[in-house]
Amino acid sequence: MIQEENKEDLAARQASAAKISGYANPKALISVYDLNESINESDILIVDTRGRTHRIYQRSYLLGHLPGAVPILYSNYSHPVHQGRMTTPDQFQNVLGNIGAGNSSTIVLYGDDGLQARLYWAIKMYGYENVKILDGGLNKWKEARYDITSIESARPPQNFEFDLAKSKAESMLATLHEVEAAAGNLNCIIIDTRSKDEFIKGHINGSINVPWTSLFNKDMTFKSAPELKVLFESKKITSDKKVITYCNDGIYSSLVWFVLSELLGYQNIKNYDGSLNEWLIKGHLVEKDVQTDSQKTFNNSMER
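All the letters of the sequence shown, read from the start, carry residue numbers 1 to 304 under our numbering.
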């Protein structure tokens with residue numbers, strides 16, 4: 001339901017619009033304010049990605065979601081053989097068609113655990129461009145005092161097909177062999193997107209830690225382009241280098257890929273879908289950092 005705005009709401013809308021317009025690809029994001037205005041348009045398909053497990057789906061989507069949003073479960077688009085990785089384009093397009101995506105749909109994704117970015121990455125990788133992430137997700141939607149519902153939504157199945165001639169897998173998906181070649185290569189940057197504690201316990205040789213949580217404001221909207229640029233350049237992660245992101249399973253790493261590729265415009269950036277799970281299965285070792293108590297205290301103070 002479209003609601004009238006007071007001066008405070010108008011200021012928030014304008015600030016959001018100004019921030020999004022400053023990104024390299026403003027079309028990659030949509031604000032809660034703009035989505036609220038277009039939510040009833042027939043070509044808008046809102047997808048709630050909070051379905052990492054069926055239990056999480058029950059505790060999230062079924063307790064409240066955006067009006068008209070359809071759920072998607074992680075298990076439905078995971079690879080049938082390589083556990084945790086993205087499924088084949090044939091299976092994925094069937095999943096999207098079954099939840100109501102058509103080839104003229106504007107797909108709007110929202111979630112709170114990285115799956116919204118993973119789906120965005122996969123949809124674009126397989127050649128479909130009309131996809132966006134809702135900036136701030138459900139929490140920002142509620143903060144704006146827009147309606148939510150616990151009524152399950154469904155859309156009629158559609159015939160959705162990827163145009164694989166437009167696939168960008170070669171430029172968006174990092175393979176194990178590429179990561180092997182990049183590890184320790186000064187011309188390549190590997191970003192570990194997990195928490196600092198996870199990074200210290202073991203990471204791919206030569207990788208730099210940029211926790212995915214550092215990308216967001218307190219309300220879980222993305223930081224502005226200047227703030228994000230400072231974050232990455234302070235770690236010497238610059239657009240002239242080849243960059244690969246990873247985590248445990250390619251989910252959180254897709255958030256950092258999204259920021260670098262879509263919001264900051266890095267051209268040579270890939271997400272390692274196999275991530276640390278594949279790296280370890282293939283018998284590769286990891287580096288470990290040993291910190292003293294004083295170093296831990298210093299690092300924690302810098303993160304606050």
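C-beta: ideal position from N, C-alpha, C; glycine also.
Segments assigned alpha helix (DSSP H), at least 4 residues, entirely inside the segment 116-157: 137-143
Between R155, N271, L138, E129, which lies nearest to G100 when the distance is taken from Cα to Cα? Residue numbering aside, residue 100 sits at position 100 when the sequence shown is read from its first letter. Residue R155 is the option with its Cα nearest to G100.
So V131 and I107 are in contact, right, with Cβ under 8 Å, and what is the actual spacing, rounded? The residue you call residue 131 lines up with position 131 of the sequence shown. The residue you call residue 107 lines up with position 107 of the sequence shown. Between I107 and V131 the Cβ distance is about 4 Å, and since that is below 8 Å, they are a contact.
For a cutoff of 8 Å on Cβ pairs, would you count I189 as touching chain C? Within the model displayed, chain C is absent; a lone protein chain is all it includes.
Figure out for me which residue from A28, A24, H284, V210 has the closest Cα to the Cα of K314. A question about residue 314 goes unanswered here, because the residues of the chain that appear run from 1 up to 304.
Apart from the five residues just before and just after I237, which ones in its own chain have a Cβ nearer than 6 Å to its Cβ? The residue you call residue 237 lines up with position 237 of the sequence shown. Same-chain partners within the cutoff: I189.
Do the segment 230-249 and the segment 272-287 make contact, defined as three or more Cβ pairs closer than 8 Å? yes
Closest by C-alpha distance to L134, when choosing among E152, E41, K142, Y110: Numbered from its first residue, the sequence shown carries residue 134 at position 134. Residue Y110 is the option with its Cα nearest to L134.
If you measure between the beta carbons of S254 and W121, is that distance less than 8 Å? Stepping through the sequence shown from its first residue, residue 254 is reached at position 254. Stepping through the sequence shown from its first residue, residue 121 is reached at position 121. Their beta carbons are under 8 Å apart, which means S254 touches W121 by this criterion.
Take S150 and list the residues in its own chain whose beta-carbon comes closer than 7 Å to its own, dropping the five residues that flank it on each side. As a working mapping, residue 150 is identified with position 150 in the sequence shown. Answer for S150: L62, L63, G64, listed in chain order.
Starting from T245, follow its DSSP beta bridges and name the residues at the other end. Residue 245 sits at position 245 when you count from the first residue of the sequence shown. According to DSSP, which records beta bridges pairwise, T245 is partnered with I191, N271.
Using the beta-carbon count (16 or more within 10 Å), is A11 buried or exposed? Within the sequence shown, the letter at position 11 stands for residue 11. Classification for A11: exposed.
Need the endpoints of the alpha helix (DSSP H) that V179 sits in, please. Within the sequence shown, numbered from 1, the residue matching residue 179 stands at position 179. That run of the alpha helix (DSSP H) goes 176-182.
Taking DSSP as the reference, what is the three-state secondary structure of F199? Counting from 1 along the sequence shown, the entry for residue 199 is found at position 199. Helix, per DSSP.
Can you tell me whether DSSP reads H79 as helix, strand or coil? Reading the sequence shown from its first residue, position 79 is the one you call residue 79. It is coil, neither helix nor strand.
Can you find the residues in the same chain that come closer than 6 Å, C-beta to C-beta, to E287, ignoring five residues on each side of it along the sequence? The residue given as residue 287 occupies position 287 in the sequence shown. Answer for E287: H203, N205, listed in chain order.
Tell me whether Q295 sits in a helix, a strand or coil according to DSSP, three-state version. Here residue 295 is taken as the residue at index 295 of the sequence shown, counted from 1. Summary for Q295: the model assigns pLDDT 39, below 50, so the residue's position carries little reliability, and this model does not support an answer.
What span of residues does the beta strand (DSSP E) with I99 cover, start to end? Residue 99 sits at position 99 when you count from the first residue of the sequence shown. Element bounds for I99: n/a, residue is neither H nor E.
So A225 packs on Y23, CB below 8 Å; how close in whole Å? For the purposes of this step, residue 225 is taken as residue 225 along the sequence shown, with counting starting at 1. For the purposes of this step, residue 23 is taken as residue 23 along the sequence shown, with counting starting at 1. Confirmed, about 5 Å.
Taking the alpha helix (DSSP H) that V256 falls in, what are its first and last residues? In the sequence shown, the residue the question calls residue 256 occupies position 256. That run of the alpha helix (DSSP H) goes 252-258.
If you draw a straight line from the alpha carbon of F298 to that of L215, how long is it in whole angstroms? Locating residue 298 in the sequence shown gives position 298, where the first residue counts as 1. Locating residue 215 in the sequence shown gives position 215, where the first residue counts as 1. Residue confidence is low: F298 scores 36 on pLDDT, short of 50, so the model does not pin down where it sits. No coordinate-derived value is stated.
Tell me the DSSP secondary structure of L10 in three-state form. Position 10 of the sequence shown, counted from the start, is the residue given in the question as residue 10. Helix at L10.
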